[in-house]
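The structure appears right after this line, and notes come after that.
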Amino acid sequence: MCRIGAIKSKKPFHPSQALRLMLPQQEGHDNSGFAMIMQDLGGVFADYKDKPLLSLACTAQGAKLAEEYMKEHNFVRDFEWVPKIDRRPGLDIKAMPLYMFRCYDYPVEYKSADWSDKEQLLLDTRLALRELLEQDDQGYVFSFWPDVLTLKEIGDPSDIATYFRLWDDNGELMARNVVTQCRQNTNYDIVRYAAHPFFIQGYTLCANGENTFYTKNTEYQRSLHRGYTGFESDSQNFLYTLHYVLHELKWPIKYFKHVITPLPFSEIGKRSDNKELTAIRQSLANLEINGPNTIIAMLPDGRMMTCCDSKKLRPVVVGGDETTMAIASEVCGLNVVLPNRNPELDIYPNEREVVVITQELEVQRWKQ
Amino acid sequence: METVKTLDITANDLNWKIQYTPEHCTMCGSCVAACTFRAIEVAVERRATTISTARQPEPIPQHKAVPVIKRVKGLANACVGCGMCEKVCPNQAIKPVRNEDSRANILARSGGTPAKRGGRNNLIKENTLDKITVGRISQMTDPALDAERHTFDILAPFGRVLMPNELPFSNNGGELKMNASTPPVNWIYPIIFSDMSIGALSTRAWEAICMATAYLNEKHNMPVRMSSGEGGMPIQLMKSEYLKYSIIQIASGHFGWSRIVKALPQMKVDPAGILIKIGQGAKPGDGGLLPAAKVAEHIQAIRGVPKADLLSPPNHQGLYSIEESVQKMHMSLNAAFKFRVPVAIKCSASATSVSVYNNLLRDPYKICGGFFLDGIQGGTGAANEVSLDHTGHPIVSKVRDCYLAAVKQGRQGQIPLWAGGGIGMTGNAAADAFKMICLGANGVFISKLLIQLCGCVGNEHSRCNACNTGLCPTGICTQDSRLVRRLDIDKAAQNIVEYMLAFDTELRKLMAPIGNSSLPVGRSDALVTTDKAMADKLSIQYAC
Chain A
517 MCRIGAIKSK KPFHPSQALR LMLPQQEGHD NSGFAMIMQD LGGVFADYKD KPLLSLACTA
577 QGAKLAEEYM KEHNFVRDFE WVPKIDRRPG LDIKAMPLYM FRCYDYPVEY KSADWSDKEQ
637 LLLDTRLALR ELLEQDDQGY VFSFWPDVLT LKEIGDPSDI ATYFRLWDDN GELMARNVVT
697 QCRQNTNYDI VRYAAHPFFI QGYTLCANGE NTFYTKNTEY QRSLHRGYTG FESDSQNFLY
757 TLHYVLHELK WPIKYFKHVI TPLPFSEIGK RSDNKELTAI RQSLANLEIN GPNTIIAMLP
817 DGRMMTCCDS KKLRPVVVGG DETTMAIASE VCGLNVVLPN RNPELDIYPN EREVVVITQE
877 LEVQRWKQ
Chain B
19 METVKTLDIT ANDLNWKIQY TPEHCTMCGS CVAACTFRAI EVAVERRATT ISTARQPEPI
79 PQHKAVPVIK RVKGLANACV GCGMCEKVCP NQAIKPVRNE DSRANILARS GGTPAKRGGR
139 NNLIKENTLD KITVGRISQM TDPALDAERH TFDILAPFGR VLMPNELPFS NNGGELKMNA
199 STPPVNWIYP IIFSDMSIGA LSTRAWEAIC MATAYLNEKH NMPVRMSSGE GGMPIQLMKS
259 EYLKYSIIQI ASGHFGWSRI VKALPQMKVD PAGILIKIGQ GAKPGDGGLL PAAKVAEHIQ
319 AIRGVPKADL LSPPNHQGLY SIEESVQKMH MSLNAAFKFR VPVAIKCSAS ATSVSVYNNL
379 LRDPYKICGG FFLDGIQGGT GAANEVSLDH TGHPIVSKVR DCYLAAVKQG RQGQIPLWAG
439 GGIGMTGNAA ADAFKMICLG ANGVFISKLL IQLCGCVGNE HSRCNACNTG LCPTGICTQD
499 SRLVRRLDID KAAQNIVEYM LAFDTELRKL MAPIGNSSLP VGRSDALVTT DKAMADKLSI
559 QYAC
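This is the structure:
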């Protein structure tokens with residue numbers, strides 16, 4: 517079983533906080549990797565928030581291929597941050613040769629384009645780079661989106677943090693939102709893409725547990741959207757469903773829970789919105805999940821959301837104070853990063869509940 | 019040496035012999051009375067013995083006339099192995115035994131007509147589904163559920179399901195509101211009691227299945243639906259609340275539909291669905307056949323026909339293309355019930371099934387509410403044996419093919435797939451249903467199993483299968499008022515109810531280990547097989 521976590525703060529914080537949230541929970545996971553997605557960046561990226569940021573781990577050849585592709589497609593590099601690596605011996609990390617985080621200017625022909633066109637361009641570019649680098653295993657493209665940075669690596673989370681100097685709170689790498697996990701999550705092959713969180717067009721998600729409807733979800737999602745690719749982890753399905761419901765169907769957020777864990781028919785029948793819920797259940801039956809899962813999601817506008825499966829087989833806890841809120845599989849993580857919060861106000865969402873943390877750190881919760 | 023008349027048909031030429039033990043026989047005559055085929059008769063045999071009681075041989079011939087139970091010669095009175103004689107004999111003095119050296123199949127075409135019978139395919143004896151096991155058991159990575167404690171949502175759609183982006187929703191202040199009507203969809207139990215008409219069945223057998231259906235719904239909250247078959251429905255049922263448990267079938271003979279149409283204004287509730295029968299798995303392309311022997315007065319009345327062989331043509335008149343004719347049938351039947359009742363279609367499984375399904379899926383009117391596929395192991399009341407045994411397509415791979423064709427287009431689930439033809443043929447309907455569902459079926463339909471629960475003794479090894487004769491020894495497939503009384507309808511209904519309760523529990527026992535509380539439609543990852551060819555064909559895991 518994996519542990520998952522997220523921190524949302526009014527003030528930019530350093531990723532070491534995310535590690536402090538996760539490491540106390542380490543008995544519950546296998547410490548086989550570290551991955552995080554940072555959004556609403558501060559530090560060195562504070563002045564580039566509107567520029568799409570490419571998060572890349574690759575070989576020298578992969579870097580060359582990516583650079584050529586971006587040039588060919590009229591992306592102009594505006595800023596680059598390269599982590600200063602600590603190469604001390606004995607660290608448990610299967611590192612890639614290069615890690616690059618580059619902000620680009622949009623191609624000139626997109627300068628005045630609508631956002632809807634730009635977000636398609638960014639997705640297509642990421643998918644094209646991914647395909648390009650997949651040949652001969654030259655690298656991994658995790659995200660290409662304004663104000664979003666992704667880091668994923670295989671190894672011991674503490675050692676990975678040491679390697680990237682994530683323990684050194686030097687103010688370079690800061691964000692107001694971080695979603696994270698400390699396991700290279702897959703029951704099958706070790707693949708960097710399989711590590712949570714996952715990202716598509718502003719939507720970030722990590723999940724734990726086994727998606728028992730992986731085959732059903734995957735078979736359906738493959739034809740729903742060109743961006744629904746990979747499927748290296750059975751939790752990517754949740755991200756794609758979130759994206760489909762909110763971004764493609766443009767439905768209000770409360771319907772996501774109705775899609776993944778629909779109410780039993782007997783309960784739907786008693787509700788005033790039974791016509792709508794029945795239609796959703798039958799039309800989206802292939803996106804239902806039916807196993808043990810908790811989900812933590814981060815939306816393009818910075819809101820965070822969490823919910824769990826309909827039998828509450830995987831729990832989650834939400835807690836915080838006026839400036840910082842955190843979500844974690846286990847309360848011990850919260851106790852480390854938010855020792856002064858009032859634990860009586862912690863929320864343990866039930867199997868029908870959704871909790872959303874707004875940009876103003878208001879907590880909204882409702883029952884499905 | 020006596021001349022042997024080798025072309026005489028005697029007991030050892032036929033499928034069944036009678037094993038008779040005269041010393042156990044009390045001459046009660048029950049067996050002869052019970053045999054509807056008149057395969058046995060009371061006879062007097064001449065017995066000759068010679069005894070000698072003196073010290074020296076002094077042979078005295080004695081002659082006795084002995085009453086016996088005797089096999090009647092000839093094809094017309096052949097024993098079918100139904101075993102009613104054994105059932106009624108107080109002393110177990112008589113029973114049918116299978117004749118390994120039977121020549122019946124060669125003799126059966128005498129008179130120049132094809133051999134006919136009811137029952138299932140007699141050549142395919144193994145069940146494909148028994149070679150598949152539920153091999154993906156939740157262990158550690160996810161917990162198995164508790165079949166007794168958890169609640170399960172065991173329902174399947176009957177009706178046309180729209181793509182999510184086709185739903186007529188508007189966003190009204192954060193609430194989705196349905197702005198227009200959508201095709202009707204009924205969520206029902208994933209097993210349908212299938213298509214056996216009044217006529218093929220005795221009214222009492224049909225009533226027993228109706229009673230079981232109503233009982234399961236009203237007392238056990240299991241929304242099982244029953245298809246009428248192509249033979250009309252009793253007017254009282256059509257006027258009653260119980261109509262909601264019925265799926266009304268229309269086939270190429272349109273039997274009973276004049277009464278159904280006339281009853282429309284008097285219907286208090288809508289039926290659960292309409293099923294257009296194009297073909298059936300047991301005799302694809304051979305149409306329907308109700309022999310005149312079974313067209314009793316009440317059947318003539320309910321179907322609106324005279325006493326004659328009733329043939330449903332192999333195809334619907336005017337059915338030239340899916341796009342045109344089936345559309346029209348769908349449209350007119352939808353319109354008849356004011357677009358409130360889902361209309362589905364039933365076809366024989368065929369090499370062309372995927373094409374048919376694709377056409378229905380791409381239909382711009384989105385009007386087909388279900389694709390029922392019937393495989394070669396389906397049963398029937400009467401058919402030419404050549405059709406029963408030598409035409410048709412196995413159901414398992416065909417349903418899988420259709421499901422995967424839908425997956426390829428992202429249209430899985432839009433036209434629910436219902437599979438039949440051999441489901442429960444080994445008695446394990448829950449396991450069969452579960453595996454079909456994992457392969458992509460939304461639900462299954464059964465019929466032969468139902469009459470077996472009513473007492474039918476027919477099987478795939480040439481036993482009985484005399485549904486076509488009007489002489490059904492169990493009172494199920496006959497209209498003979500004396501034979502019909504043999505069926506205890508309360509007990510028959512009870513058997514069906516009890517089987518279904520067990521079915522429901524067994525289904526949970528299969529859902530729980532894979533950790534699912536709703537039906538795992540298309541969860542092919544849950545199945546494994548030790549047959550490599552089957553694994554490749556069905557795209558499931560091979561295991562050894």
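First to last, the sequence lines map onto chains A and B.
Numbering-wise, the first sequence is residues 517 to 884 according to the numbering used here.
Numbering-wise, the second sequence is residues 19 to 562 according to the numbering used here.
Even glycine gets a Cβ: it sits at the ideal position worked out from N, Cα and C.
Values in this document were obtained by computation on a predicted structure and should not be read as measured data.
Check	Outcome
Identity of the residue in A29/B, R73/B, S70/B, T68/B nearest V98/B by Cα	A29/B
Contact under 8 Å by Cβ, A677/A with S571/A	no
Proximity winner among Y709/A, V833/A, T839/A, relative to E876/A (alpha-carbon distances)	T839/A
Contacts that P768/A makes with chain B (C-beta to C-beta distance below 8 Å)	N189, G192, E193, L194
M102/B vs I507/B beta-carbon contact at 8 Å	no
Burial state of R321/B (16 or more Cβ within 10 Å)	buried
For D594/A, the first and last residue of its enclosing alpha helix (DSSP H)	Per DSSP, D594/A belongs to no alpha helix (DSSP H); it is in the beta strand (DSSP E), 592-597.
Proximal residues of chain B, C-beta to C-beta of P623/A below 7 Å	Simply none; closest approach about 30 Å.
Status (buried if at least 16 other CB within 10 Å, exposed otherwise) for Y885/A	For chain A, the structure presents residues 517 to 884; residue 885/A sits outside this window and is missing.
Every unbroken alpha helix (DSSP H) inside the stretch 811-855 of chain A [4 residues or more]	847-853
Cα-Cα separation between A61/B and P77/B, rounded to whole angstroms	28 Å
Status (buried if at least 16 other CB within 10 Å, exposed otherwise) for L351/B	buried
Completely contained beta strand (DSSP E) runs for the stretch 429-476 of chain B, where each covers 3 or more residues	435-438, 461-464
Three CB pairs or more closer than 8 Å across the stretch 145-154 of chain B and the stretch 524-536 of chain B	yes
C619/A - DSSP class collapsed to helix/strand/coil	strand
Positions along the stretch 723-734 of chain A whose CB lies within less than 8 Å of some CB in chain B	G725, E726, T728, F729, Y730, T731, K732
Three-pair Cβ contact test at 8 Å for the stretch 478-496 of chain B versus the stretch 218-227 of chain B	yes
M244/B: first and last residue of the uninterrupted beta strand (DSSP E) it sits in	243-245
L435/B beta carbon less than 8 Å from that of Y421/B	yes
N- and C-terminal bounds of the alpha helix (DSSP H) containing P673/A	673-679
Neighbour flag for Q427/B against chain A, beta carbons, 8 Å	yes
Beta-carbon proximity of V242/B to M518/B, cut-off 8 Å	yes
Under 9 Å by beta carbon: chain B residues contacting K883/A	Under the 9 Å cutoff, chain B gives no residues; its nearest Cβ is about 15 Å from K883/A.
Anticipated Cβ contact below 8 Å, C848/A with P540/A, distance rounded	4 Å
Neighbour list for A711/A in chain B, Cβ cutoff strictly below 7 Å	What A711/A touches in chain B: nothing, since even the nearest Cβ is about 17 Å away.
beta-carbon I112/B near the ligand PLP non-hydrogen atom, thresh 7 Å	Summarising the ligand content, the structure contains no ligands, and the ligand PLP is consequently not present.
G461/B, buried or exposed, once every other Cβ within 10 Å from all chains shown has been counted against 16	buried
Beta-carbon spacing of R881/A, E869/A below 8 Å	yes
Delimiting residues of the alpha helix (DSSP H) encompassing W631/A	631-650
8 Å Cβ cutoff, N109/B in contact with chain A	no
C-beta neighbour in chain B for L649/A, strict 8 Å	no
Short CB-CB distance (under 8 Å) between Q430/B and chain A	yes
Cβ shell of K91/B (< 8 Å), same chain only, five flanking positions each side left out	D26, I27, T28, A29
Sequence-distant residues of its chain with Cβ nearer than 7 Å to C49/B (five each side left out)	I58, I87, C103, V106, C107, I112
Y736/A at chain B interface by Cβ criterion, 8 Å	yes
Segments assigned alpha helix (DSSP H), at least 4 residues, entirely inside the stretch 487-547 of chain B	499-502, 507-529
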